[in-house]
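Everything below concerns the one structure shown next.
Protein chains: 2
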Amino acid sequence: MAKVTHPTRERILDAAEALFAQKGYEGVSVRQIMSRAEADVSLAYYHFKSKRDLFDQVMLRRAEILNEVRLEALDAVESRHPDDAPTVEEIIAAFTQPLLELLASDHEKWTHYFQLIAQVNSSPEWGGELMTRYFDPLVKRFIEALRAALPDCDDEDLYWSYHFLSGALTLTFAETGRIDNLSGGACKSSDMSSIKERMPAFIAAGFRQLCTK
Amino acid sequence: MAKVTHPTRERILDAAEALFAQKGYEGVSVRQIMSRAEADVSLAYYHFKSKRDLFDQVMLRRAEILNEVRLEALDAVESRHPDDAPTVEEIIAAFTQPLLELLASDHEKWTHYFQLIAQVNSSPEWGGELMTRYFDPLVKRFIEALRAALPDCDDEDLYWSYHFLSGALTLTFAETGRIDNLSGGACKSSDMSSIKERMPAFIAAGFRQLCTK
DNA sequence: ATACTAGTTCAACGATTGTTGAAATTCAAA
DNA sequence: TTTGAATTTCAACAATCGTTGAACTAGTAT
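Order-wise, the sequence lines are chains E and L. Using the numbering used here, the letters of the first sequence map in sequence onto residues 3 to 215. Using the numbering used here, the letters of the second sequence map in sequence onto residues 3 to 215.
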């Protein structure tokens, strides 16, 4: 299933991903990317149409993987409930747990990607369009699952709840070091087990509060 | 109390704020800023030391105001509870309500500022340091108030809960249009009364879930 | 050996970047 | 009216930007 892609192309994507995540799209030059990829500048324009195309391919590469594993996780939860609906916690966990597993498989690269996503998500220029383009079909499936777990919930409450989830999630996985500073070291951005224990519970409680009764 | 500042300086700050919010620090040139401010390029370096200094002053200008009004809101809530502790909802509302009031006073400029904050907050390069620099003292006061409202809560749960709040809050006030797209128009990013009704309830429920017992 | 293609290198383009020094202007104080 | 400081304009600097065309190499198929 894994596509056969050129190794140089992958190196360029990795370098671009890391640098875009750190400094943002405009904060990085094609030359910096190609220097990190240890390849000539013009190779960027052999493998990609433009800087913007390179950025889009960075976004797309892991979005496909992420959507796939999240979908599997949701399917798994639903097949465990052939009759009744899964709980809110189970659905939220199916939404977040795959991120933790991907991080465990290759922390560095996936961290870069999640940092990039966090910045894209909160950018007024790109947030609305790009997140929609890459993640909407999957997100809509999750929202449908949540609707089933929360009968009598109206759409507005559901969408706003998901929006709050989205903000909390993207910031948390961006590992900005903010919580490390704020807590004086008591909490660590990179402490994934802390996140796993707390985020689904916190978010599920919010959903229930807003979407019940 | 309002400082006497040069009108040109304010115009530059407004222009920079709007453009930084839209395209990010590196996505905007000093020339673009000064063009929007309708002033000569070199005036930027008369009123500010550098592009980076201009950025810092953009951040600082409204941070001072924001910290002030939030502190007043927290004081007001606490003085309404001379004996017992305020509820979690009241504290969260004191944290979010001032943003709504500032938006009501000058929607355009404060929206730009909140968009900027959202991007800074989720940037791995700046998020940790800048948010700490500009908002830590106030945030720590809110966390102390929350601790009083949530006895037996340990620090880790408290800090992680605040972190989730921070992500949800900054994304929501960035008005990226994401929820408009996702909901097919059922929800609007700019619908402040929807936010007012839902965010404190959602967040407070999360705090209680994590920080109770 | 020849031809062809995919991959790579080198050098350069016009445009734009942040920044600066000096000259010109404005305007209140002396 | 003259002085002097605050503000603004103009022109330019070296550096870097995204992008491109032409030449070169490597490897495969004829």
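Backbone N, C-alpha and C fix where the C-beta goes; we use that ideal spot for every residue, glycine too. Note that the coordinates shown come from a computational prediction; the quantities given were computed from them, not determined experimentally.
For E12(E), the secondary structure class from DSSP, reduced to helix, strand or coil, is helix. Contact residues of the stretch 21-39 of chain L toward chain E are A23, Q24, K25, G26, Y27, E28, G29, V30 (C-beta to C-beta distance below 9 angstroms).
Proximity of L132(E) to chain L, defined by a Cβ-Cβ separation below 7 angstroms, is not satisfied. Of the candidates W128(E), W162(E), E110(E), E131(E), the residue whose Cα lies closest to the Cα of L212(E) is W162(E). R180(E) belongs to the set of residues whose beta carbon lies under 7 angstroms from a beta carbon in chain L.
Under the Cβ distance rule, W162(E) counts among the residues neighbouring chain L, one pair being separated by less than 7 angstroms. Using a CB distance cut-off of 7 angstroms, E19(L) does not count as an interface residue toward chain E. The criterion of a C-beta distance shorter than 7 angstroms is not satisfied by P202(E) and A96(E). Residue-level contact by beta carbon holds for H165(E) and chain L, with a gap shorter than 7 angstroms. One Cα belongs to R143(L), the other to A206(L), and the distance between them is close to 17 angstroms.
For A150(L), the enclosing alpha helix (DSSP H) has its first and last residue at 129-151.
DSSP places Y164(E) in the helix class (H, G or I) of the three-state scheme. Just measuring C-alpha positions, the residue of T89(E), R33(E), I119(E) sitting nearest A176(E) is I119(E). Within the same chain, and ignoring the five residues on either side of V32(E) in sequence, the residues whose Cβ sits closer than 7 angstroms to its Cβ are V43, A46, K53. The criterion of a C-beta distance shorter than 7 angstroms is not satisfied by I197(L) and H165(E). Identification of residues in the stretch 117-148 of chain E having a C-beta nearer than 7 angstroms to some C-beta of chain L yields Q117, A120, Q121, N123, S124, S125, P126, E127, G129, G130, M133, T134, D138, V141, given in sequence order.
With the rule of 3 Cβ pairs closer than 8 angstroms, the stretch 106-116 of chain E counts as touching the stretch 15-22 of chain E. By the rule that beta-carbons nearer than 7 angstroms mark a contact, D157(L) touches chain E. By the neighbour-count criterion, in which 16 or more other beta carbons inside 10 Å mark a residue as buried, Y27(E) falls on the buried side. Collapsing the DSSP output to three states places D85(E) in coil. Interface residue (Cβ-Cβ distance to chain E less than 7 angstroms): N183(L) is classified as such. Not a single C-beta of chain E is nearer than 7 angstroms to the C-beta of G186(L). Take the alpha-carbon of T98(E) and the one of S191(E): they are about 16 angstroms apart. Its chain contains V90, L160, F209, R210, C213, T214 as the residues whose beta carbon lies nearer than 8 angstroms to that of L152(L), once the 5 sequence neighbours on both sides are disregarded; these appear in chain order.
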